[in-house]
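Chemist: Sharing a structure below in structure tokens format, with a few things to ask.
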Amino acid sequence: MIVGKLKEPAEIRAMIKGYDKVLVLGCDGCVTICQTGGAQEARVLARLLALDESGGSFSCQTVSRQCEWEFLKEIKDQVEQSQIVVSTACGIGVQAMNEYFPAIATVPALDTEFLGMPVEHGVFEERCQACGDCMLHLTGGICPVARCAKSLMNGPCGGSQDGKCEISPNILCAWQLIYDRLTQLGQLDRLLGIQEPKDWSLSRDGGLRRMAREDLILDDEE
Ligand code: SF4
Ligand code: SF4
80 MIVGKLKEPA EIRAMIKGYD KVLVLGCDGC VTICQTGGAQ EARVLARLLA
130 LDESGGSFSC QTVSRQCEWE FLKEIKDQVE QSQIVVSTAC GIGVQAMNEY
180 FPAIATVPAL DTEFLGMPVE HGVFEERCQA CGDCMLHLTG GICPVARCAK
230 SLMNGPCGGS QDGKCEISPN ILCAWQLIYD RLTQLGQLDR LLGIQEPKDW
280 SLSRDGGLRR MAREDLILDD EE
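Count along the sequence shown from 1, add 79, and you get the number used in my numbering.
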């Protein structure tokens, strides 16, 4: 899931300064699970913003997924009756809104942080950096790209202490975790292989990435 956190209200207020009709738009997807941008959070944010503004109108709506245009059709009327939209979705939702409703600005209420998962109630941790060339089968299902502070591919640096990463005693060393997991799986021999330099052109550094499923693309006649 995509994890984000709410911006400071003052920052959001600055974005909507001068607008009288504001729509706060939540998303039922990832941001609902991390409890930063779902229906309830959007409602609370709309009320909070309304408290501080004199005379403006603040409405609130939620869609199943802001990152898919097909769900945005449903809110056409509310968006067109607004002067600006404050989105509590991730950055993808904000961009989908701006592309689908180009006449109206949609601004972000969240800072999108990472791809992760809940590890305990209210705590989320990063698990993937979408590198485009997954190697979890080699590392016991533990991602060295996202979880090692140096994204090392061939074992630990010299700084690991008592299973903790040298950058913080609060972060587990990814390579200790990988070693322990491969031991558990009886696959320690995997560590004997040398990983060739990773093809980072598949990752973010190559610019905009696109994935096309030919079998799902509809012909114009369909
Ligand atoms: S190896 Fe790449 S794709 Fe796989 S979990 Fe790590 S960052 Fe994500
Ligand atoms: S201590 Fe472990 S997790 Fe931290 S940078 Fe070194 S190998 Fe990576």
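We treat Cβ as the ideally placed atom computed from N, Cα and C, and that holds for glycine.
Between the Cα of glutamate 205 and those of Leu297, Gly237, Asp278, Thr191, spot the shortest distance and give me the residue it belongs to.
Modeler: Thr191
Chemist: Relative to the C-alpha of glutamate 87, which candidate in Asp99, Asp299, Cys109, Thr115 has its C-alpha closest?
Modeler: Thr115
Chemist: Just curious, the alpha helix (DSSP H) that phenylalanine 137 is in, first and last residue?
Modeler: Unbroken run through phenylalanine 137 is the beta strand (DSSP E), 136-142; no alpha helix (DSSP H).
Chemist: Alpha carbon to alpha carbon, how far is aspartate 99 from arginine 126? Give it in angstroms, no decimals.
Modeler: 14 Å
Chemist: Expressed to the nearest angstrom, what Euclidean distance is found between the alpha-carbon atoms of aspartate 294 and leucine 256?
Modeler: 39 Å
Chemist: Do alanine 175 and leucine 151 come within 8 Å of each other at the CB atom, strictly closer than that value?
Modeler: yes
Chemist: Among all the DSSP beta bridges, which residues are the ones paired with glycine 105?
Modeler: Thr141
Chemist: Which whole-angstrom value is the C-beta distance of valine 101 and leucine 128, which I expect to be below 8 Å?
Modeler: 7 Å
Chemist: Leaving aside the five residues before and after lysine 229 along the sequence, list all residues of the same chain whose C-beta is less than 8 Å from its C-beta, in chain order.
Modeler: Cys236
Chemist: Considering only C-alpha positions, which residue in the set Thr141, Cys207, Lys155 is nearest to leucine 124?
Modeler: With distances taken between Cα atoms, leucine 124 lies closest to Thr141.
Chemist: What does DSSP give as the partner residue(s) for glycine 83 in the beta ladder?
Modeler: Thr191
Chemist: Can you round the beta-carbon distance between glycine 211 and arginine 292 to whole angstroms, since I take them to be within the 8 Å contact cut?
Modeler: About 16 Å; that fails the 8 Å criterion.
Chemist: Determine which residues share a DSSP beta bridge with alanine 184 and list them.
Modeler: Ile163
Chemist: Any heavy atom of ligand 2 within a distance shorter than 7 Å of the CB on serine 143?
Modeler: no
Chemist: Please determine, among Leu104, Thr218, Gln119, the residue with the shortest C-alpha to C-alpha distance to phenylalanine 137.
Modeler: Nearest to phenylalanine 137 by alpha-carbon distance, out of Leu104, Thr218, Gln119, is Leu104.
Chemist: Taking buried to mean at least 16 other C-beta atoms within 10 Å of its own C-beta, is isoleucine 246 buried or exposed?
Modeler: exposed
Chemist: Pull every residue with its beta-carbon under 6 Å away from any heavy atom of ligand 1, and keep them in chain order.
Modeler: Listed by chain position, these are Cys207, Gln208, Ala209, Cys210, Cys213, Met214, Leu215, Cys222, Val224, Ala225.
Chemist: Taking only heavy atoms of ligand 2 into account, decide whether any of them is closer than 7 Å to the Cβ of glycine 172.
Modeler: no
Chemist: On the premise that cysteine 139 lies in contact with alanine 168, defined as a C-beta separation below 8 Å, what is that separation, rounded to the nearest angstrom?
Modeler: With 8 Å as the limit, alanine 168 and cysteine 139 do not qualify as a contact, their Cβ atoms being about 13 Å apart.
Chemist: Say yes only if the C-beta of leucine 270 is nearer than 7 Å to one or more non-hydrogen atoms of ligand 2, and no if none qualify.
Modeler: no
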